[in-house]
Amino acid sequence: MRGAAAPASVHGQEAKQVGSRRGIVGAAIASAAALGVLAFTASTTVAGFQSSSYARAELATEAMISAYPVRQDMSPGSALYLNRFGELYVSGDRRSGNGAGTASTALNLTPPNQVVFPEGVRIVDAGSSGNDFNWGQQTLFSALDDQGRVWTWGQAWGGHTLIGRGPISASESWTPGQVTTTDTGEALPEIIDLQQIENQVYALDVSGTLWAWGYGGENMPTPTTGNKPLPSRANTTTATPGLAACVSNNTGDVVWHTIWGGYVSAGGVATNGLIYTWGWDNSNGVSTTQTNQGCPILNQGANEVLFERYPELYQTADGLTYDPSALPTEAERTARYEAIVEHQSEVTTGPCAQPTRKENGVDASECPVRQLGFSSRAPRLLLQNGDLYTWMVSTDMTYGFYFLGRPSSTNQADPNFRNRPALALSNVDSTVSGVGSMQALTRDGLVYGWGLNNFCQAVGERTSGSNPCNSNVAADIVTLPRLVGGIPGDVPIARLSSTQCAAWATSADGAVWGWGGGTIVATGWVTCGTAGATYKIHDQRAATVSTPFGAPITATSTATTPVLE
1 MRGAAAPASV HGQEAKQVGS RRGIVGAAIA SAAALGVLAF TASTTVAGFQ
51 SSSYARAELA TEAMISAYPV RQDMSPGSAL YLNRFGELYV SGDRRSGNGA
101 GTASTALNLT PPNQVVFPEG VRIVDAGSSG NDFNWGQQTL FSALDDQGRV
151 WTWGQAWGGH TLIGRGPISA SESWTPGQVT TTDTGEALPE IIDLQQIENQ
201 VYALDVSGTL WAWGYGGENM PTPTTGNKPL PSRANTTTAT PGLAACVSNN
251 TGDVVWHTIW GGYVSAGGVA TNGLIYTWGW DNSNGVSTTQ TNQGCPILNQ
301 GANEVLFERY PELYQTADGL TYDPSALPTE AERTARYEAI VEHQSEVTTG
351 PCAQPTRKEN GVDASECPVR QLGFSSRAPR LLLQNGDLYT WMVSTDMTYG
401 FYFLGRPSST NQADPNFRNR PALALSNVDS TVSGVGSMQA LTRDGLVYGW
451 GLNNFCQAVG ERTSGSNPCN SNVAADIVTL PRLVGGIPGD VPIARLSSTQ
501 CAAWATSADG AVWGWGGGTI VATGWVTCGT AGATYKIHDQ RAATVSTPFG
551 APITATSTAT TPVLE
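When you line the sequence shown up against this note's numbering, it's residues 1 to 565, in that order.
Next comes the structure, spelled out in structure tokens:
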């Protein structure tokens, strides 16, 4: 949260178990249940918080089954785990609510606890985020079930009444409750995708309507400003940079094909095939200007990539395409870009025509955008052909630069090179990001990382020297994609997961490796640097019925370690 009334924050900115054996798990990892969540074979009975899936597993005489980390969790100090039966668990920081009726004020050293939902609820996706990405601030949790219902608990900046459930008490916010009613009094429709940014939740329904709620001092893409304790429609767009709300100077509504969350920025692909972005760290993708954008606006740099790479889809009304090599001046390129936008705004692009639920965090349809992500002042765009583009917002080298994963602009003729999308890596299947680093999974099962690696959170090992991973080495920075160490070279990885300071890789047969922060937590926009005593990585290889998550990694940080076989 970076509103004017907030207290000062980091960097001078305003505040704001059981391991199943591979053969058993492997059969069910294959694809995600309807909404793109990794499918699991079974689940667990948990001492202290009995889980019905353990009983089912025992009756079927199966080995005890594990819970896996959710794909993308932006909490500074916690981690969420999900199993095949849709049972969700939370570890680490639970001071905003443990999802089971209490809020822990202790150091969060207790084993993960099961989040309590009504009987029959099966969760397929979940995530969380924290104010200022800071261990000392609130955590907001959300989950989506297989019936398209949204559940929330915890706190956004501004309190527990901003988590989409209206005027509830603090104690009620410690347990998930269903988000049922919009700000117009109608029932919330069936939701097909759920995303979070710092202090807000975004939900896409089956008709392509985006619903947003949470703290309204920034990043709120709705027609009006202010806090949203209940879901509010967010389909209106603008052509005006810096517009805080869509109530004036708007360019009408769009229908969303996909929505994409991040840290303090977010975006969407409309059914016209165009990319819109918004948030505190927004830019047009062609200049160094950083804009606090409330109302969604076209992202020129990202759309130019689409126009150039997919000329068969993006054309002017008279069939002209965007070819920079044939448009020698900036004025000519801009004029062609605007002509294509004008035409596209009036049509529905075939591959992007329908609202779409993601599969394992990516859009697996034929719409050109496979994945759109937002780190701290660093967007990234993954195309369906596997090309990953990255760029920075503003010229501040202490933020977005770490996420580029491509050569410095010092070797480029264009002084704004860092601020325009450019190719960082090819043959990419998907990406995840932490608070200062990110990882990419290639189509042949290799895992690359880059960014801040001061606690080995980027690549799971030291890039030089002999310092252990649990010592802070500020100079350990990975500027170009590098293979994550410690994963056997003959094991293809099928899925990545991450929190702000830790990451996991899951193989096709269910083995898992984890690296980064065991207890280290995020303290700001790009920093992993405080020992928060919040166990996030758990070695489940020695799990038992009484200790279903096995033993936590208690070190500050760890090199790549097998945690499930």
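The beta-carbon is built from N, C-alpha and C at its ideal position, and this holds for glycine as well.
DSSP state of Tyr337 mapped onto helix, strand, coil: helix
Separation of Ile487 from Gly386, as counted between CA atoms: 22 Å
Going by the beta-carbon positions, is the gap between Phe374 and Gly267 smaller than 8 Å? yes
What is the rounded straight-line gap between the Cα of Ala30 and the Cα of Ala508? Model confidence at Ala30 stands at a pLDDT of 33, short of 50, so the residue's coordinates are unreliable; what they give is reported in the following sentence. Whole-angstrom Cα-Cα distance: 7 Å.
Which residue marks the beginning of the beta strand (DSSP E) containing Leu423, and which one marks its end? Ala422 to Leu425
Can you give me the start and stop residues for the alpha helix (DSSP H) that Phe307 sits inside? Gln300 to Arg309
Suppose only complete runs of 3+ residues qualify. What are the beta strand (DSSP E) ranges in the stretch 165-216, listed by chain order? 177-179, 191-197, 200-205 and 210-214
Between which two residues does the beta strand (DSSP E) harbouring Lys228 extend? Lys228 to Arg233
Take the Cβ of Thr558 as the centre, count every other Cβ of all protein chains shown within 10 Å, and call the residue buried at 16 or more, exposed below. buried
What separation, rounded to the nearest whole angstrom, lies between the Cα atoms of Ala113 and Trp504? In the sequence on display, residue 113 carries Asn and not Ala. Taking the straight line joining both Cα atoms gives about 20 Å.
Asn147 burial status per 10 Å Cβ neighbour count (16 or more: buried): A small correction: the amino acid at residue 147 is Gln; Asn does not occupy that position in the sequence shown. With fewer than 16 other Cβ atoms within 10 Å, it is exposed.
Just grab the DSSP bridge partners of Asn134 for me. Thr523
Distance between beta carbons of Asn299 and Thr277, contact taken as under 8 Å: 4 Å
For Asn282, name the three-state secondary structure that DSSP assigns. strand
Suppose you measure from the CA of Gln137 to the CA of Ser173; what does that come to, to the nearest Å? 16 Å
Burial state of Pro481 (16 or more Cβ within 10 Å): buried
Three-state secondary structure (DSSP) at Phe568? The question about residue 568 has no answer, for the chain in this structure spans 1 to 565.
Buried or exposed (CB count within 10 angstroms, at least 16 for buried), Pro167: exposed
From the DSSP secondary-structure annotation, give me the bridge partner or partners of Val432. Gln439
Is the stretch 415-427 in contact with the stretch 508-520, if contact means three or more CB pairs nearer than 8 Å? no
DSSP state of Gln72 mapped onto helix, strand, coil: strand
Looking at Glu198: is its Cβ nearer than 8 Å to the Cβ of Val264? yes
Counting C-beta neighbours from all protein chains within 10 Å, is the total for Asn83 16 or more, i.e. buried, or is it exposed? buried
Which one of Trp525, Thr554, Leu564 and Thr544 has the shortest CA to CA distance from Ser75? Trp525
From Trp153 to Gly436, what does the alpha carbon distance come to, in whole angstroms? 26 Å
In chain order, what are the residue ranges of uninterrupted beta strand (DSSP E) at least 3 long that sit wholly in the stretch 81-144? 88-92 and 123-130
Under a Cβ-count criterion, where at least 16 other Cβ atoms within 10 Å of its own Cβ denotes burial, should Val206 be classed as buried or exposed? exposed
Gly252 - DSSP class collapsed to helix/strand/coil: strand
Pro492 and Gly434: beta carbons closer than 8 Å? no
Just confirm the distance between the C-beta atoms of Gly518 and Lys536, as a whole number of angstroms; I'd bet it's less than 8 Å. 7 Å
Measure the alpha-carbon distance for Pro552 versus Leu496 and round it to whole angstroms. 20 Å
Roughly how many angstroms lie between the CA atoms of Pro97 and Leu423, to the nearest whole one? Looking at the sequence provided, one finds Gly at residue 97 rather than Pro. Whole-angstrom Cα-Cα distance: 41 Å.
Around the C-beta of Leu564, are 16 or more other C-beta atoms found within 10 angstroms, so that it is buried, or is it exposed? buried
Which whole runs of the beta strand (DSSP E) in the stretch 484-547 are 3 residues long or more, in chain order? 493-498, 502-507, 512-517, 520-522 and 528-531
Among Thr238, Gly164, Val447 and Gly532, which residue has its Cα nearest to the Cα of Asp490? Val447
Skipping 5 residues on each side, what residues in its chain have a beta carbon closer than 6 Å to that of Glu366? Pro351
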